[in-house]
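Residue numbering for the sequence shown follows my numbering, starting at 32 and increasing by one per position. Even glycine gets a Cβ: it sits at the ideal position worked out from N, Cα and C.
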Amino acid sequence: MKNLFPIILLGLTLTSSLSSCKKDPPISSISYEGHLFVGERIEFISANKDVDNYLWSFGDGRTVNDNIDRTPHTYTVPGTYTVELRISNQSGSHTSTRIIEVKSKPVKVKIKKVTIAAFDSQANWDPVDMTGPDIYCKIIRPFSLILNQPQITYSTSSIQYNTTISSLPLDYIYGTPVEVPFDEAFYIELYDDDNGNSDFMAKGYFLAKEEIPFTSTIADLEFDALYSGYKMKIEVEYIY
32 MKNLFPIILL GLTLTSSLSS CKKDPPISSI SYEGHLFVGE RIEFISANKD VDNYLWSFGD
92 GRTVNDNIDR TPHTYTVPGT YTVELRISNQ SGSHTSTRII EVKSKPVKVK IKKVTIAAFD
152 SQANWDPVDM TGPDIYCKII RPFSLILNQP QITYSTSSIQ YNTTISSLPL DYIYGTPVEV
212 PFDEAFYIEL YDDDNGNSDF MAKGYFLAKE EIPFTSTIAD LEFDALYSGY KMKIEVEYIY
């Protein structure tokens, strides 16, 4: 019997070694990065990395079958989709699903209010009247040679006279909101009126489609204007 012990122990050791090489059955789960809007790139991600194959089904008739744990996708039609992921390795497979809602993007933006939140109190914008600049603002679409489009002035506000730091925040409220196309860039420009002559003060660039996520309600969007420490805020409403 003593001569059998080494053989039995060797067999047990070998069996244990082979068992430790076997992979556990995978368990799939789905997450994503990006925004669930038509035309936006979404990155779907599997949480399990110990996988030999990933089969993605996006619910719109398109699938991807590869060995990478993440895959990009873009939806072209709004709606509710069931995303399915089947993962597998040598020990088995597992399938999980996730329901997502893909929304349409807005078609227009209503600008309801422009607010000047800050400006450089040291800048002498009004050499004629030292009590402070007489400010008005314009909302314009800039000229574009590439797009072959002329400049358009959507709106010119009334003048607010003798503005100082104590005047802030300075609001320009539009009783009739200014509507601009959702995918069109525009500027909000500030001017100082000097007895009919206007000095350019600052401008803020805005592109609505870069503000994500969109909402169907009013949103406040802040940005820094060019020149002299101006900070602006606009109140907008998205139109779908």
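{"Query": "Would SER59 and ILE118 qualify as a contact pair, given that the criterion is a beta-carbon distance under 7 Å?", "Result": "yes"}
{"Query": "From the DSSP output, read off the bridge partner residues of LEU238.", "Result": "ALA216"}
{"Query": "Excluding sequence positions up to five away, which residues of its chain have a Cβ less than 7 Å from the Cβ of GLY65?", "Result": "GLU71, ARG72, ILE73, GLU74"}
{"Query": "Given a threshold of 16 other Cβ atoms within 10 Å of its Cβ, counted over all protein chains shown, does ALA233 qualify as buried or as exposed?", "Result": "buried"}
{"Query": "For SER122, does the three-state DSSP call read helix, strand or coil?", "Result": "coil"}
{"Query": "Whole angstroms are fine: how far does the CA of TYR261 sit from the CA of ASP165?", "Result": "15 Å"}
{"Query": "Could you check which residue in SER175, SER189, LEU221 has the C-alpha nearest to that of ILE183?", "Result": "SER175"}
{"Query": "Based on the DSSP secondary-structure assignment, which residues constitute the bridge partners of SER127?", "Result": "LEU116"}
{"Query": "Short check: CB of GLU268 to CB of LYS144, under 7 Å?", "Result": "no"}
{"Query": "Between the alpha carbons of LYS169 and THR111, how many angstroms are there, rounded?", "Result": "41 Å"}
{"Query": "Along the chain, where does the beta strand (DSSP E) containing ALA78 start, and where does it finish?", "Result": "Element bounds for ALA78: n/a, residue is neither H nor E."}
{"Query": "Looking at the structure shown, is SER60 part of a helix, part of a strand, or coil, going by DSSP?", "Result": "coil"}
{"Query": "What's the gap between the Cα of PRO57 and the Cα of LYS134?", "Result": "32 Å"}
{"Query": "Less than 6 Å between C-beta atoms, sequence neighbours within five positions excluded: which residues of the same chain meet that for PHE68?", "Result": "LYS134, LYS136"}
{"Query": "Buried or exposed: where does PHE150 fall if 16 or more other Cβ atoms within 10 Å of its Cβ makes it buried?", "Result": "buried"}
{"Query": "Return the bridge partner residues of TYR29 from the DSSP annotation.", "Result": "It is not possible to answer for residue 29, since the shown part of the chain is limited to 32 through 271."}
{"Query": "Considering only DSSP beta bridges, list what ALA149 is partnered with.", "Result": "LYS262"}
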